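First to last, the protein sequences are chains E and H. All residue numbers for the first sequence refer to this note's numbering, where the first residue is 1 and numbers rise by one. All residue numbers for the second sequence refer to this note's numbering, where the first residue is 1 and numbers rise by one.
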Amino acid sequence: MTVTAASKTTKQQKITKEEELLLQDFSRNVTFKSSIFFYVNALIVSTIPLWLFWKIHQMEPLEFGILWVIMTLVSTWLVSFAYRNSKFVLKHKFAQKREDAVAREVLKSIPDDKKMPKKEKDERILWKKNEVAEFESTSFAIFYNNTLYIFLIILFSFYLLRSFNPNFNYILSVASSSGLLALLSTGSR
Amino acid sequence: LLVSKTILNEYLVAGKEITVKYSIFNVGESAAMEVSLHDDGFQKSSYDIVSGSTKAEWERIAPETNVSHIVVVVPLTAGSYNLSYAQVAYKANAETNDFQHGYTSQVGEIYVAQRRDFDRLFSLHLADWLIFCAMTMTTLAIPYSLYNQSRKKYEQQDLAAAAQKKAKSL
Numbered sequence: 001m002t003v004t005a006a007s008k009t010t011k012q013q014k015i016t017k018e019e020e021l022l023l024q025d026f027s028r029n030v031t032f033k034s035s036i037f038f039y040v041n042a043l044i045v046s047t048i049p050l051w052l053f054w055k056i057h058q059m060e061p062l063e064f065g066i067l068w069v070i071m072t073l074v075s076t077w078l079v080s081f082a083y084r085n086s087k088f089v090l091k092h093k094f095a096q097k098r099e100d101a102v103a104r105e106v107l108k109s110i111p112d113d114k115k116m117p118k119k120e121k122d123e124r125i126l127w128k129k130n131e132v133a134e135f136e137s138t139s140f141a142i143f144y145n146n147t148l149y150i151f152l153i154i155l156f157s158f159y160l161l162r163s164f165n166p167n168f169n170y171i172l173s174v175a176s177s178s179g180l181l182a183l184l185s186t187g188s189r
Numbered sequence: 001l002l003v004s005k006t007i008l009n010e011y012l013v014a015g016k017e018i019t020v021k022y023s024i025f026n027v028g029e030s031a032a033m034e035v036s037l038h039d040d041g042f043q044k045s046s047y048d049i050v051s052g053s054t055k056a057e058w059e060r061i062a063p064e065t066n067v068s069h070i071v072v073v074v075p076l077t078a079g080s081y082n083l084s085y086a087q088v089a090y091k092a093n094a095e096t097n098d099f100q101h102g103y104t105s106q107v108g109e110i111y112v113a114q115r116r117d118f119d120r121l122f123s124l125h126l127a128d129w130l131i132f133c134a135m136t137m138t139t140l141a142i143p144y145s146l147y148n149q150s151r152k153k154y155e156q157q158d159l160a161a162a163a164q165k166k167a168k169s170l
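Take a look at the structure:
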């Protein structure tokens, strides 16, 4: 009876692990580590345009420091929101694209003499696929959103809003760029 | 004599040179003698005189001719200034000893802009843009290269597998 109970528990554990992976796959939530990573990247990309506002629009840091801090925090949150959404959409695409290659890689890595049950092989493939899709979707989401954000900031600040007072130019450029980025990221494609 | 005082600059900026031109036209029939021009409008507290002088003299200005005089000044601070008239004194002809006095036209109130406002509009800021590009490239190049490395690895594997499959079928 003890043996049967133990095997049932192991089966349950295996199912739970698989379900966990699937849940991770289909969930928009990111891990704490990913979250920190996104926030740090978003903070960096939100800070870079301040150089332009300081040197070209001649906004003095001491005079506008508080405004800069507030808008940078707002922009950081919106950009990291965009990262999360983009990553979620991209992850599924990359998972599908890399499925075959990842499966081949995992199967190659298992020694021929080692007998592994099919379920364990499938689990390994699923785990590896998730890992690769996670990595590629994270890096591409950051690249894509950073590019779009920088482009929008320059478009708003130096073309659409160039005749505005630097104060309003800054507030509207940052708010519009990060807001638009967040909005576009909510699309499903 | 008709005397005008004009500013040749389009934009007046604190710390940048302003060129002031005085033009004297003798519209009379006799030569004007011992002509002197004197402008008190540029106080040392507000302006630096870079080139020329606010005083000028001509021994003789022939009839139906004109002369001009240039002064280059630099306003020290931004703000509104009132550029009033300069004074002219001359003898109407060679025989008389009496001096006639006149005034140039007024420029009126001028606004001298802050240097940073002018730079914002007109400076090229090449170095600033280059630094911005360098910072931006870092935030774009790193994530893209990470993605690209992984993409290339798996796409190469797919290509190799496809080539193998083709070779087997042949």
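From the three backbone atoms N, C-alpha and C, an ideal C-beta is built for every residue, glycine too. These numbers were taken from a predicted model, which means no experiment stands behind them.
**OP:** Evaluate residue 59 of chain E with the Cβ neighbour count: other Cβ atoms within 10 Å of its Cβ, from every protein chain shown; 16 or more gives buried, anything less gives exposed.
**Re:** With 16 or more Cβ atoms within 10 Å of its Cβ, residue 59 of chain E is classed as buried.
Original post:
If you check the beta carbons only, do residue 172 of chain H and residue 122 of chain H fall under 7 angstroms apart?
Top reply: Outside the modelled stretch of chain H, which goes from 1 to 170, sits residue 172 of chain H, for which no answer is possible.
**OP:** For residue 155 of chain H, count neighbouring Cβ atoms within 10 angstroms of its own Cβ and tell me buried if that reaches 16, exposed if not.
**Re:** With fewer than 16 other Cβ atoms within 10 Å, it is exposed.
Subject >> Identity of the residue in E:132, E:136 and E:105 nearest residue 121 of chain E by Cα >> reply: E:105
Original post:
Per DSSP, which one or two residues make a beta bridge with residue 75 of chain H?
Top reply: H:47
Subject >> Strand pairing of residue 171 of chain E, partner residues [DSSP] >> reply: BP columns for residue 171 of chain E are empty, so no partner.
Original post:
Quick one: is residue 40 of chain H buried, meaning 16 or more other Cβ sit within 10 Å of its Cβ, or exposed?
Top reply: exposed
**OP:** Residues of the segment 115 to 131 of chain E with a CB closer than 7 angstroms to any CB of chain H: list them in chain order, please.
**Re:** Taking a C-beta cut-off of 7 angstroms against chain H, none of the residues of the segment 115 to 131 of chain E qualify.
Original post:
So what's residue 159 of chain E in DSSP terms, helix, strand or just coil?
Top reply: helix
Original post:
How far does the alpha helix (DSSP H) with residue 114 of chain H in it reach, from first residue to last?
Top reply: First-last for residue 114 of chain H: undefined, no H or E at that position.
Original post:
So which residues of chain H does residue 72 of chain E contact, with C-beta pairs closer than 9 angstroms?
Top reply: For the C-beta of residue 72 of chain E, not a single chain H residue is nearer than 9 angstroms; the gap to the nearest is close to 14 angstroms.
Original post:
Do residue 145 of chain H and residue 109 of chain H come within 7 angstroms of each other at the CB atom, strictly closer than that value?
Top reply: no
Original post:
Are the C-beta atoms of residue 118 of chain H and some chain E residue less than 7 angstroms apart?
Top reply: no
Original post:
When you compare only the Cα positions, how much space is there between residue 174 of chain E and residue 68 of chain H?
Top reply: Using only the alpha carbons, I get a separation of about 53 angstroms.
Subject >> Contact list for residue 56 of chain E against chain H, beta-carbon separation under 9 angstroms >> reply: 119, 120, 123, 125, 128, 129 and 132
Subject >> Reference residue 82 of chain E, options E:108, E:147 and E:51, closest by Cα >> reply: E:147
Original post:
Would you say residue 51 of chain H and residue 72 of chain H are within 7 angstroms of each other, going by their C-beta atoms?
Top reply: yes
Subject >> Residue environment, residue 165 of chain E, which counts as buried when at least 16 other CB atoms sit within 10 Å >> reply: exposed
Original post:
Comparing the C-beta of residue 147 of chain E with each C-beta of chain H, is any distance below 7 angstroms?
Top reply: yes
**OP:** Indicate the three-state DSSP secondary structure (helix, strand or coil) for residue 7 of chain E in the structure shown.
**Re:** Caution is warranted here: a pLDDT of 47 is assigned to residue 7 of chain E, below 50, making its placement in the model unreliable, and the coordinate value is therefore given only provisionally. Correct three-state label for residue 7 of chain E: helix.
Original post:
For residue 90 of chain E, which option in E:111, E:41 and E:133 has the closest C-alpha, if you only look at C-alpha atoms?
Top reply: The shortest C-alpha separation from residue 90 of chain E is found at E:133.
**OP:** Could you tell me the distance, in whole angstroms, from the CA atom of residue 125 of chain H to the CA atom of residue 1 of chain H?
**Re:** 47 angstroms
Original post:
Do you know offhand how far residue 64 of chain H's Cα is from residue 30 of chain H's?
Top reply: 9 angstroms
Original post:
Between E:161, E:151 and E:103, which lies nearest to residue 178 of chain E when the distance is taken from Cα to Cα?
Top reply: E:151
Original post:
Which residues in chain H sit within 8 angstroms of residue 110 of chain E, going by Cβ to Cβ distance?
Top reply: Neighbours of residue 110 of chain E on chain H: none; closest Cβ ~16 angstroms, over 8 angstroms.
Subject >> Residues of the segment 146 to 160 of chain H whose Cβ lies closer than 7 angstroms to any Cβ of chain E, in chain order >> reply: 146, 147, 150, 151, 154, 157 and 158
Original post:
Where does residue 15 of chain H fall in DSSP's three states?
Top reply: coil
Original post:
For residue 95 of chain E, which residues in chain H fall below 8 angstroms Cβ to Cβ?
Top reply: What residue 95 of chain E touches in chain H: nothing, since even the nearest Cβ is about 12 angstroms away.
Subject >> Secondary structure of residue 95 of chain H, DSSP reduced to three states >> reply: coil
**OP:** Return no unless some Cβ of chain E is closer than 7 angstroms to the Cβ of residue 143 of chain H.
**Re:** yes
**OP:** In the DSSP assignment, find the unbroken alpha helix (DSSP H) run with residue 137 of chain H in it and report its ends.
**Re:** Note, residue 137 of chain H: alpha helix (DSSP H), 126 to 169.
Original post:
Can you tell me whether DSSP reads residue 62 of chain H as helix, strand or coil?
Top reply: coil
Original post:
Less than 7 angstroms separating the beta-carbons of residue 150 of chain H and residue 135 of chain E?
Top reply: yes
Subject >> When E:74, E:35, E:36 and E:31 are compared against residue 47 of chain E, the one with the closest alpha-carbon >> reply: Checking every option, the nearest Cα to that of residue 47 of chain E belongs to E:74.
Subject >> Contact set between residue 12 of chain H and chain E, taken where Cβ atoms lie within less than 9 angstroms >> reply: Here the premise fails: no neighbours, minimum Cβ distance about 18 angstroms.
Original post:
What does residue 77 of chain E touch in chain H if you count any residue whose Cβ is under 9 angstroms from its own?
Top reply: Going along chain H, no residue has its Cβ under 9 angstroms from residue 77 of chain E, so there is no contact; the nearest lies around 17 angstroms.
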